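Residue numbers (the working numbering): 24 to 424. Note that CB positions come from ideal geometry on N, CA and C, so glycine has one too. Bear in mind that the values here come from a model prediction, so they are computed numbers and not experimental data.
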Amino acid sequence: MMPPYSPSLRLDSIDVFRAVTMFLMIFVNDLWSLENVPNWLKHSKAAEDAMGLSDVVFPGFLFIVGLSIPFAIANRKKKGDSDVLIIRHIFERTFALLLMGIFIVNYENIADEAMAISKYVWEIGMVIAFFLIWNVYPSSPEKKGLYTALKVAGYLLLAGLALIYKGGDPANPSWMETHWYGILGLIGWSYLLGALAYLPTRDRFTWAVGGWLFLVLFNLADFAGALGFLDPLKEYVWIVGSGSMPAFVMGGVVASVIYRNGVDRNAVGSTYLIVLVVLGLIALAYGFGTRPFWGISKIRATPAWVGICSGISFLAFAFLFWLVDLKKIKNWANIIQPAGTATLTCYLIPYIWYAVVTLAGISLPMYLRTGLVGLVKSACFSLLVILLTGAINRVGIKLKI
24 MMPPYSPSLR LDSIDVFRAV TMFLMIFVND LWSLENVPNW LKHSKAAEDA MGLSDVVFPG
84 FLFIVGLSIP FAIANRKKKG DSDVLIIRHI FERTFALLLM GIFIVNYENI ADEAMAISKY
144 VWEIGMVIAF FLIWNVYPSS PEKKGLYTAL KVAGYLLLAG LALIYKGGDP ANPSWMETHW
204 YGILGLIGWS YLLGALAYLP TRDRFTWAVG GWLFLVLFNL ADFAGALGFL DPLKEYVWIV
264 GSGSMPAFVM GGVVASVIYR NGVDRNAVGS TYLIVLVVLG LIALAYGFGT RPFWGISKIR
324 ATPAWVGICS GISFLAFAFL FWLVDLKKIK NWANIIQPAG TATLTCYLIP YIWYAVVTLA
384 GISLPMYLRT GLVGLVKSAC FSLLVILLTG AINRVGIKLK I
């Protein structure tokens with residue numbers, strides 16, 4: 024018989040949720056290398072009223088970002104950090120995500136024929152620079168100068184890569200642009216809004232829900248044409264994704280705030296599980312209710328996509344909370360644990376992998392990249408990346424922003 028649930032301010036299910044989501048992210052990001060991939064796994068096109076697994080993973084990750092914010096800020100307050108220091112940290116993290124996102128999205132738009140070096144060499148240099156800058160170096164006073172020099176070298180390497188960059192049309196190349204900021208950049212903007220919304224209000228339930236509903240309704244109002252009077256501002260300042268992406272973050276914040284308030288009243292466990300399920304069902308109802316108007320589309324960030332993916336995130340977290348925190352069934356996740364604790368490292372490793380194998384001329388036979396066999400190959404690749412992340416973590420290589 025299981026012992027009664029003893030609530031704490033630490034939820035193992037958040038780390039497991041993050042690890043599972045990162046496994047899926049690496050998996051779906053590898054689908055480009057396959058043939059005959061089922062449509063339900065792929066990204067849907069902008070004009071389609073559809074959604075595949077690939078369209079659900081990113082919202083899930085943003086939801087996890089929101090889940091983590093209250094706990095991260097509480098930990099910093101416990102260490103004695105002032106609000107000013109916390110705000111500084113929030114902006115530092117945002118800057119790091121935006122910088123990496125902009126470099127990655129420019130790599131995707133690189134004009135290889137116009138470059139002085141191979142775009143794959145440029146890609147490897149970019150990731151090496153990220154590791155030099157944001158690696159977690161040991162607390163060693165006698166080597167502090169060396170670690171500072173490595174960080175400076177990373178920034179200098181990025182500056183050099185930026186100087187030689189040529190993108191767009193090879194016949195008329197352009198320099199680096201922000202484009203759409205890339206996945207990491209979108210996470211950065213969404214994290215910034217979520218963290219700054221939570222910090223002054225902390226665990227006040229009504230404020231958290233109010234912030235979440237504002238973003239959801241902002242997205243709805245934009246699609247309904249109610250924000251036309253703000254069109255002159257769109258070119259200069261706007262909420263990323265018309266509120267959709269930070270809405271996922273604030274949904275996660277709401278889930279954590281409810282838990283933290285429940286811990287204070289010793290009212291978590293099955294009650295919290297029920298609340299998560301109810302929120303998930305409400306979000307799903309909103310998503311399917313708005314689908315007839317604008318369809319489901321990740322690329323267009325429609326209200327239906329926001330609602331349905333929010334609902335899936337609430338329900339997925341509810342299941343993992345029940346499994347991991349209530350039933351204590353979590354050993355199965357040990358193999359993917361590095362993806363939950365060294366997420367950024369895990370995300371960046373494939374960029375080096377793809378570049379190295381391309382430069383080396385390595386290519387798997389087509390039968391290993393087709394259909395069901397190909398899907399197994401991509402799943403094995405995702406697991407390999409996670410295991411490699413754990414291995415390099417053990418030798419002191421781990422990114423943290």
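By the CB criterion at 8 Å, residue 207 and residue 120 fall inside the cutoff. When 329, 284, 44 are compared, the shortest CA-CA separation from residue 230 is found for 284.
Judged by pairs of C-beta atoms under 8 Å, the region 157-175 does not touch the region 323-336, as fewer than three such pairs exist. Assigned with DSSP and collapsed to three states, residue 158 falls in strand. Under DSSP, residue 197 forms a beta bridge with 190. Beta bridge pairing from DSSP links residue 140 with no other residue. Cβ-Cβ separation between residue 271 and residue 34: approximately 18 Å, too far for a contact (criterion under 8 Å). In the DSSP assignment, residue 309 falls within the unbroken alpha helix (DSSP H) covering 293-317. Beyond the five residues adjoining it in sequence on each side, residue 128 comes within less than 6 Å, by CB distance, of 202, 205 in the same chain, given in chain order. Here the region 151-164 makes contact with the region 174-187; the two share three or more CB pairs at distances below 8 Å. As for any beta strand (DSSP E) of minimum length 3 sitting wholly inside the region 103-148, there is none. Three or more beta-carbon pairs separated by less than 8 Å are not found between the region 236-252 and the region 296-304, which leaves the two stretches without contact. Here residue 328 is buried. Its C-beta has 16 or more other C-beta atoms within 10 Å. Within the DSSP bridge table, the entry for residue 422 names 158 as partners. Taking the CA atoms as reference points, residue 317 sits about 34 Å from residue 366.
Around the C-beta of residue 195, fewer than 16 other C-beta atoms lie within 10 Å, and the residue is accordingly described as exposed. For residue 393, the secondary structure class from DSSP, reduced to helix, strand or coil, is strand. Its chain contains 96, 99, 222 as the residues whose beta carbon lies nearer than 7 Å to that of residue 109, once the 5 sequence neighbours on both sides are disregarded; these appear in chain order. It is roughly 10 Å from the alpha-carbon of residue 189 to the alpha-carbon of residue 200. Note that the C-beta distance between residue 263 and residue 212 is below 8 Å.
Membership of residue 372 in the alpha helix (DSSP H) is indicated by the continuous run 366-382. Under the DSSP assignment, residue 96 falls in the alpha helix (DSSP H) whose first and last residues are 77-101. Between residue 39 and residue 353, the CB-CB gap stays under 8 Å.
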